[in-house]
Each structure stands twice: as C-alpha cells, then as structure tokens.
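Peer 1:
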Amino acid sequence: MCPTGTNHRLDTASGSNIRSAFDVLDADRDGKISPSDLKTFYKGFSGGGAEEEDVIRSMMSVADSNKDGFVEYDEFETVLNERNGGGGGGGSRWGAMEEAFRFMDRDGDGVVGEEDLRGYFNLAGFDATDEDIKAMITLGGGDQNQGVSYDGFLKILAV
Numbered sequence: 001m002c003p004t005g006t007n008h009r010l011d012t013a014s015g016s017n018i019r020s021a022f023d024v025l026d027a028d029r030d031g032k033i034s035p036s037d038l039k040t041f042y043k044g045f046s047g048g049g050a051e052e053e054d055v056i057r058s059m060m061s062v063a064d065s066n067k068d069g070f071v072e073y074d075e076f077e078t079v080l081n082e083r084n085g086g087g088g089g090g091g092s093r094w095g096a097m098e099e100a101f102r103f104m105d106r107d108g109d110g111v112v113g114e115e116d117l118r119g120y121f122n123l124a125g126f127d128a129t130d131e132d133i134k135a136m137i138t139l140g141g142g143d144q145n146q147g148v149s150y151d152g153f154l155k156i157l158a159v
C-alpha cells in the first residue's frame, strides 16, 4: 500500500528499475546501502530525530538479511521481488521506496513536486537543472503544478 492508498507492483522483469532505485539510496556510491546512506537520503526531507531513526532501523532490519549492517543489491532486490509476488514475504516487507516517497513528500499531499525533487538532488549532489526536474515530473506522468504520485516517483527512479 502506498501513500495514495493504492497497491503498486514494481516491474520485477526489469532489473534496471530496481538498480536505479538502489543507486538513488546508495548515497556514497559504495555498492551497498548503509544507515548513513539512508540518513543522507532523508536529510532535508524530515526534521530528523527519533522517528527518522526508527524508520531507518526498521528498513535496515527488513532488508539486511545477512545482518552485516548493510543492504547489498541482492538483498534490496529480494525485498522488492518478495513484495511483488516473487517470494513468500508478503506486503509487510515493502517499505523502502514508500518511505522515501513519504519523506520527499514534505507536505504529505501524496505527490512529490519540483521543490521536493530539487531539494533531494541538491542534497545528494546530483546536478539537475530546473528543466531536468520538470522533465522528470513530466516523465513520471505528473503535472508541473502538482508533481508526481507514487507511481510517477517509481517511473522517475527507473530512469
């Protein structure tokens, strides 16, 4: 269940969608997602504090199957595929991308807009112009005034 109240299925046939999402969360580009990477991702989208720490701890415990303190790509892929019917996990394991969406959606209106994306790209050190951000929103099926829904957010990450 996503923030907009509908179920979503990530295209598990396309590993590039999953890889793109993984790369966005791997802030230091070391090939694995650490709690520090998640803190970097969420920085600027939340006020920090205990709630953010709880979310990060929860996400890590769900995805870090070998309990080494990192989420490697294969673990990340497994969590997403289990959520989408590729394994026995079920919906309770889904959450990393939804949580990312919720944190980026600063006002909680169910869409990620230009300011939300601009803030993340600046924070993550990505060079994205206003035109790039507008193009991403369009690619995600969104509208320049309202932004993109969760489905659109996944489309943007797939690029």
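full-length UniProt numbering puts the first residue of the sequence shown at 1, with every later residue one more than the last. From the three backbone atoms N, C-alpha and C, an ideal C-beta is built for every residue, glycine too.
With a 10 Å radius around its C-beta and 16 neighbouring C-beta atoms as the bar for buried, classify D28 as buried or exposed.
Peer 2: In the sequence shown, the residue the question calls residue 28 occupies position 28. Flag for D28 reads exposed.
Peer 1: V112 by DSSP, collapsed to three states: which one?
Peer 2: By one-based count along the sequence shown, residue 112 stands at place 112. Of the three classes helix, strand and coil, the one that applies to V112 here is strand, per DSSP.
Peer 1: Can you list, in chain order, the residues of its chain with a C-beta nearer than 7 Å to that of E99? Leave out the 5 residues immediately preceding and following it.
Peer 2: In the sequence shown, counting from the first residue as 1, residue 99 sits at position 99. The beta carbon of E99 lies closer than 7 Å to those of V55, M59 in the same chain, with the five residues before and after it left out.
Peer 1: Rounded to a whole number of angstroms, what is the C-alpha to C-alpha distance between I133 and L139?
Peer 2: As a first step, residue 133 must be located in the sequence shown, where it is residue number 133. As a first step, residue 139 must be located in the sequence shown, where it is residue number 139. I133 and L139: Cα-Cα distance of roughly 10 Å.
Peer 1: Below 9 Å between beta carbons: does that hold for A21 and M97?
Peer 2: Counting from one through the sequence shown, the residue named residue 21 turns up at place 21. Counting from one through the sequence shown, the residue named residue 97 turns up at place 97. Against a cut-off of 9 Å, the Cβ pair of M97 and A21 comes out as a contact.
Peer 1: Drop a sphere of 10 angstroms on the beta-carbon of S61, count the other beta-carbons inside from all chains shown, and report buried for 16 or more, exposed for fewer.
Peer 2: As a working note, residue 61 is residue 61 in the sequence shown. Counting Cβ neighbours within 10 Å, S61 comes out exposed, since fewer than 16 surround it.
Peer 1: Which class does K134 belong to by DSSP, given the choice of helix, strand or coil?
Peer 2: Walking along the sequence shown from the start, residue 134 turns up at place 134. K134 falls in the helix class under three-state DSSP.
Peer 1: Could you round the C-beta distance between F76 and I33 to whole angstroms and report it? I think they count as a contact, below 8 Å.
Peer 2: As a working note, residue 76 is residue 76 in the sequence shown. As a working note, residue 33 is residue 33 in the sequence shown. Their Cβ separation, rounded to whole angstroms, is 7 Å, which keeps F76 and I33 in contact under 8 Å.
Peer 1: For S65, count neighbouring C-beta atoms within 10 Å of its own C-beta (all shown protein chains included) and say buried if the count is 16 or more, exposed if not.
Peer 2: In the sequence shown, counting from the first residue as 1, residue 65 sits at position 65. Answer is exposed; the Cβ neighbour count stays below 16.
Peer 1: Grab me the residues of F121's own chain with a C-beta within less than 6 Å of its C-beta, minus the 5 sequence neighbours each way, in chain order.
Peer 2: Here the question's residue 121 lines up with position 121 in the sequence shown. Contacts found: A128.
Peer 1: Would E115 and Q144 qualify as a contact pair, given that the criterion is a beta-carbon distance under 9 Å?
Peer 2: As a first step, residue 115 is located in the sequence shown; it is residue number 115 there, counting from the start. As a first step, residue 144 is located in the sequence shown; it is residue number 144 there, counting from the start. Going by C-beta atoms, E115 is not nearer than 9 Å to Q144.
Peer 1: Where does S149 land, buried or exposed, given buried means 16+ other C-beta within 10 angstroms?
Peer 2: If you number the sequence shown from 1, residue 149 lands on position 149. By the 10 Å Cβ count, S149 comes out buried.
Peer 1: Look up I33 in the DSSP assignment and give the residues it is bridged to.
Peer 2: Translated into the one-based positions of the sequence shown, residue 33 becomes position 33. According to DSSP, I33 bridges with V71.
Peer 1: Going by DSSP in three states, L123 sits in which element: helix, strand or coil?
Peer 2: Reading the sequence shown from its first residue, position 123 is the one you call residue 123. For L123, the three-state secondary structure derived from DSSP is helix.
Peer 1: So, under 8 Å CB-CB, V24 and L154 are touching, yes? Tell me the CB distance rounded to an integer number of Å.
Peer 2: Numbered from 1 along the sequence shown, position 24 holds the residue referred to as residue 24. Numbered from 1 along the sequence shown, position 154 holds the residue referred to as residue 154. So it is not a contact: roughly 11 Å between Cβ atoms.
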